[in-house]
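Engineer: The structure is given below, and queries will be raised subsequently.
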Amino acid sequence: MTLTDRSPDPLEIAERMMSHPSLPMLSCDHAFIAAGALLAALRNSPYGRITEQEVREVFDRTAKQAHGGYCGLTGVCGIAPAVGAVLSVFLGARCGSDREQRIVMEAVTRVSRVITDLTGPSCCKAYVRAALAVAVPFFAEQFGMVLPLSTSPVVCGHAERHPHGCREAKCPYYRQPAKDIFAEAKFVQGTVACVT
Numbered sequence: 000m001t002l003t004d005r006s007p008d009p010l011e012i013a014e015r016m017m018s019h020p021s022l023p024m025l026s027c028d029h030a031f032i033a034a035g036a037l038l039a040a041l042r043n044s045p046y047g048r049i050t051e052q053e054v055r056e057v058f059d060r061t062a063k064q065a066h067g068g069y070c071g072l073t074g075v076c077g078i079a080p081a082v083g084a085v086l087s088v089f090l091g092a093r094c095g096s097d098r099e100q101r102i103v104m105e106a107v108t109r110v111s112r113v114i115t116d117l118t119g120p121s122c123c124k125a126y127v128r129a130a131l132a133v134a135v136p137f138f139a140e141q142f143g144m145v146l147p148l149s150t151s152p153v154v155c156g157h158a159e160r161h162p163h164g165c166r167e168a169k170c171p172y173y174r175q176p177a178k179d180i181f182a183e184a185k186f187v188q189g190t191v192a193c194v195t
């Protein structure tokens with residue numbers, strides 16, 4: 000989808016990617032989704048200067064750092080270096096560069112912070128959403144590149160699939176289950192009967 004999606008909204012692209020039926024609930028595939036959605040949005044924006052070769056380079060770099068379980072083993076979620084790879088390729092940053100390397104590290108720090116705030120237990124889908132919500136304003140702040148970002152609230156439909164238990168109400172993307180108004184009415188009715 001990175002090379003074929005035409006939306007300039009990275010969150011919208013990521014949601015489509017995360018809804019693919021073969022995608023596991025938790026996996027390092029989500030690092031590629033975060034990077035791919037951001038790259039696709041940049042390609043589709045008026046600033047679009049992302050080439051197919053650069054997309055492949057970002058994915059190659061991401062593959063070197065996004066490994067299953069590393070979030071728990073090393074404290075580094077692959078989504079953070081994936082966003083870093085996007086910025087690094089975009090800027091032409093390399094080890095020893097000054098301004099460019101600092102910008103990439105600042106972006107990765109911000110993404111890591113927002114992911115940290117959502118941990119307990121881990122949720123790759125929440126991490127993708129939060130990382131993109133940080134990356135989009137970062138591009139505006141650093142480069143004046145304003146990408147659209149969905150303003151309607153994102154509601155996750157994957158909670159029941161979480162193997163470690165969804166954070167539910169602690170997650171900003173959790174969909175509250177519909178209330179059973181009939182059960183509530185019976186409870187209230189029974190309470191009134193007990194009081195009288």
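Counting along the sequence shown from 1, when you hit position 181 you're at 180 in numbering that gives the first Met the number 0, and nothing is skipped either side.
Every residue, glycine too, gets a C-beta built ideally from N, C-alpha and C.
In whole angstroms, what is the alpha-carbon distance linking Pro-147 and Tyr-173?
Structural biologist: Going from the Cα of Pro-147 to the Cα of Tyr-173 covers about 23 Å.
Engineer: Please identify the residue among Ser-21, Leu-2 and Cys-76 whose C-alpha is closest to the C-alpha of Cys-27.
Structural biologist: Cys-76
Engineer: With distances taken from CA atoms, which of Ile-49, Cys-122, Val-85 and Ala-13 is nearest Gly-68?
Structural biologist: Cys-122
Engineer: Determine whether the beta carbon atoms of Ala-106 and Gln-100 lie at a separation below 8 Å.
Structural biologist: no
Engineer: When you compare only the Cα positions, how much space is there between Asp-59 and Leu-25?
Structural biologist: 20 Å
Engineer: State yes or no: is the C-beta of Thr-3 within less than 8 Å of the C-beta of Ala-34?
Structural biologist: no
Engineer: Please go through the same chain and pick out, in chain order, the residues whose beta-carbon is closer than 7 Å to the beta-carbon of Gln-141, but skip the five residues on each side of it.
Structural biologist: Taken in chain order, the residues that qualify are Ile-102.
Engineer: Here's the rule: buried if 16 or more other CB atoms are within 10 angstroms of the residue's CB, otherwise exposed. What is Thr-1?
Structural biologist: It counts as buried.
Engineer: Looking at the strands, I want to know which residues DSSP matches up with Tyr-173.
Structural biologist: Cys-155
Engineer: Considering only residues of the same chain and omitting the five flanking positions on each side of Met-144, which have a CB-CB separation below 6 Å?
Structural biologist: Tyr-46 and Phe-138
Engineer: For a quick check, are the C-beta atoms of Ile-12 and Ala-30 less than 8 Å apart?
Structural biologist: no
Engineer: Under 8 Å by Cβ, that's how I've got Met-17 and Lys-124 pegged, so tell me the actual separation to the nearest angstrom.
Structural biologist: Between Lys-124 and Met-17 the Cβ distance is about 6 Å, and since that is below 8 Å, they are a contact.
Engineer: Which runs of the alpha helix (DSSP H) spanning at least 4 residues fall entirely within the region 54-95, listed in chain order?
Structural biologist: 69-73 and 78-90
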